[in-house]
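The UniProt record's numbering puts the sequence shown at residues 1 to 189.
Just so you know, even glycine gets a beta-carbon here, dropped at the ideal spot from N, CA and C.
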Amino acid sequence: MNYLLRLGDRAADRLEAAFGRTVLTTLARFTFAATLLVYFWGSAMTKIGDGPLGLFSPALGAYAQIFPRAMAAAGFDASQLAPWQHGIVMAGTWTELLLPALVVVGLVTRLAALGMIGFVIVQTATDLVGHGALADPAALGAWFDRSPDAPILDQRLIWIALLSIPAVLGGGPMSVDGWLKRRAQAASG
1 MNYLLRLGDR
11 AADRLEAAFG
21 RTVLTTLARF
31 TFAATLLVYF
41 WGSAMTKIGD
51 GPLGLFSPAL
61 GAYAQIFPRA
71 MAAAGFDASQ
81 LAPWQHGIVM
91 AGTWTELLLP
101 ALVVVGLVTR
111 LAALGMIGFV
121 IVQTATDLVG
131 HGALADPAAL
141 GAWFDRSPDA
151 PILDQRLIWI
161 ALLSIPAVLG
171 GGPMSVDGWL
181 KRRAQAASG
């Protein structure tokens, strides 16, 4: 039995040495692109205001999504919100546009993935407290149950686990970061 375990370990070690980082980092970024890129960009598009300067003037819905209770208290008049709230809405909108793109192409990948993990945590807190998902067992879900698709606990944990790969390992050799690293090494050496 030990022989079989050692044989399996040796084969796995060789595969990992040859392909591990390349496959894992590329697969993580591809999976993020295939499953979450359009989700985040679609969400960002609902926050962009009208006209060519819409990126600098978020839509009313952006404030309602990010600060639902404050907007309700202000009669859904965004001008009644504090300047810091306007800054957070703008930052959240830009974050949903830029960080997913950086993760997918693999540029400043570790920082972008860490930023996305932080974004998912803030998004989850907003959903739980601001939108009341904490009181909705179907939305909240539970770990270690038979249902793996609850929007909050299950899905957000999977998103964070997926983003942890590029946060720890970077974009890998098949990324802009990898290309820039190879280019710098060739120039110095």
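Counted within 10 angstroms of its Cβ, other Cβ atoms place residue i as buried (16 or more) or exposed
i	result
residue 188	exposed
residue 147	exposed
residue 190	Here the chain covers residues 1 to 189 and nothing more, so residue 190 does not appear.
residue 129	exposed
residue 1	exposed
residue 84	exposed
CB contact flag (residue i, residue j, <9 Å)
i	j	result
residue 166	residue 106	yes
residue 172	residue 35	no
residue 220	residue 137	This structure cannot settle anything about residue 220, because the visible part of the chain is limited to 1 through 189.
residue 70	residue 53	no
residue 86	residue 58	yes
residue 152	residue 135	no
residue 170	residue 25	yes
residue 109	residue 43	no
residue 120	residue 159	yes
residue 190	residue 150	Residue coverage of the chain in this structure runs from 1 to 189, which leaves residue 190 outside it and unanswerable.
Whole-angstrom C-beta distance between residue j and residue i, which should lie under 8 Å
i	j	result
residue 96	residue 32	In fact, because the Cβ distance is near 13 Å, the residues do not count as touching under 8 Å.
residue 66	residue 126	6 Å
residue 122	residue 113	That belief does not hold up - the Cβ atoms of residue 122 and residue 113 are roughly 15 Å apart, past 8 Å.
residue 60	residue 117	Rounded, the Cβ-Cβ distance is 28 Å, inconsistent with contact.
CB contact check: residue i to chain D, cutoff 9 Å
i	result
residue 91	No chain D appears in the structure shown, which is made up of a single protein chain.
beta-carbon residue i near the ligand GDP non-hydrogen atom, thresh 8 Å
i	result
residue 109	By its list of ligands, the structure shown contains no ligand whatsoever, and the ligand GDP lies outside what it can speak to.
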